[in-house]
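To start, the structure itself, in structure tokens.
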Amino acid sequence: MFILLIVPNHFWFLGFLFDPHYLVNNAVANMICTLVFGHRFEYGDIHFHQMLKCSEEIFKVPATFWGRLYNQYPAIMDFLPGGHQLAFSSLDKIKKFIGEEVKRHKDDRNPSDPRDYIDCYLHEIEKQKDEGAGFTEENLLYCVVDLFGAGTETTSNSLRWAILYMAKYPEIQEKVQTEIDQMIGQNRQPSMDDRARMHFTNAVIHEVQRFGNIVPIAPPRMSNRDTTISGYKVPKGMMVVPVLKYILRDKDEYATPDKFNPEHFLDENGNFLKKENFIPFSIGKRMCPGEQLARMELFLFFTSMLQRFTFRVPEGEDPSLESLIGITCGPKPFKIYAVSRI
């Protein structure tokens, strides 16, 4: 199922140098759409593409000059032109798109048989008559925006980093494919039951998340009392912004923190090694609520792709590992070849 979501109709890109960005982004977004809207979109749907484009714009702006300026002076910036206005315009377009989906759900839903997230939320709105409980149609729109944006951008960027690393480090890609061939073969699709037996593949996926630094800064917290951390006094009411990069590249935890090295997550016997300080989804009450879904998607997409394709960079080229900075960090645009293994 997962590889078919990535490649509609036929493998048109075989033999061509192509950018995997939109193929991967469309596939991941359609997974979220299935959960939220109860259906997927055709890859040629212009409204679907517009929603993806708007979502990308929203994630880019906070890391720009205009985004930082808006955070400092929101009351003033509301009335000034600039890049931040593009984010607001994009948000309005996404809300309109989602609002139309909500209207269709209200027209044809069966309260006793919810089909998806929107149906379940509409049921809660009816059940919770008190608006103070937070279940309103306006909040539904923002919840879907969050689910769609966060659920698509982080996983899509992780998979694009994975493709780039595999193309750049063919010896690692070959070891992953050998494990796939031994544990899964070519006659069936991967399932989550396979993950526990695929130690090297699991280690590679974890290293992609560690080295890719997909979400460099976690959502802010606020201290609810005076405290001391590592000798530093943190007064009550202080905003604390966790910078995950320094945790994921801790030289005391990782032998080669500034290199892509799956051995970081393998013990001396080649078995997968779980590390307590591996927190790409953050920790605590503000950790990513979609962690389990993201882990499932990463494993199934990644193994499905490498089961069927070998990724290669053009001869003589050494792709850049520099990031595009935003709320999430993805690789700079790159082009690769996908060679069929079937």
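Positions -17 to -1, 1 to 325 (mature numbering (1 follows the signal peptide of the UniProt record, and there is no 0)) are the ones given, in order, by the sequence shown. A virtual CB, placed ideally from N, CA and C, is assigned to each residue, including glycine.
According to the DSSP assignment, Thr210 belongs to the beta strand (DSSP E) that extends over Thr210 to Ile212.
Put simply, the region 124 to 137 touches the region 74 to 83. At least three CB pairs are less than 8 Å apart.
By a beta-carbon distance limit of 8 Å, Leu69 contacts Val44. Their separation comes to about 7 Å. Counting along the chain, Val226 sits inside no beta strand (DSSP E), nor does DSSP assign it H or E at all.
If you draw a 10 Å sphere on the C-beta of His88, you find 16 or more other C-beta atoms in it, and that means buried. Residue range Tyr320 to Ser323 is occupied by the beta strand (DSSP E) that includes Ser323, with no alpha helix (DSSP H) assigned at that position.
Pairing Lys318 with Ser306, the inter-Cα distance amounts to about 15 Å.
Excluding five sequence positions before and after Ile163, the CB atoms of its chain that fall closer than 8 Å to its own CB belong to Pro173, Met181, Thr184, Thr286, Leu289 and Gln290, given in chain order.
When C-beta atoms of the region 186 to 194 are compared with those of the region 243 to 260, three or more pairs fall below 8 Å, so the two segments count as touching. Annotation: the continuous alpha helix (DSSP H) that includes Tyr5 extends over His4 to Val19. When rounded, the separation of the alpha-carbon atoms in Pro3 and Thr210 is 47 Å.
Secondary-structure assignment with DSSP links Val217 through a beta bridge to Thr210. By the C-beta criterion, the region 264 to 274 is judged not to be in contact with the region 105 to 125, since fewer than 3 inter-stretch pairs fall below 8 Å.
Taking 8 Å as the cut-off, the beta carbon of Phe42 is found no closer than this to the beta carbon of Gly134.
Below 8 Å, enough C-beta pairs join the region 191 to 205 and the region 224 to 238 to call them touching: three or more. Residues of the same chain with a CB within less than 7 Å of the CB of Leu256, apart from the 5 flanking positions on each side, are Phe248, Leu249 and Asp250 in chain order. DSSP, reduced to helix, strand and coil, places Thr119 outside both helices and strands of the structure shown, so it counts as coil.
Residue environment analysis places Leu(-1) among the exposed positions, since fewer than 16 neighbouring C-beta atoms fall within 10 angstroms of its C-beta. Using a C-beta cut-off of 8 Å, the region 32 to 41 makes no contact with the region 145 to 152, since fewer than three inter-stretch Cβ pairs fall below that distance. Of the candidates Glu83, Phe282, Val85 and Tyr104, the residue whose Cα lies closest to the Cα of Asp176 is Phe282.
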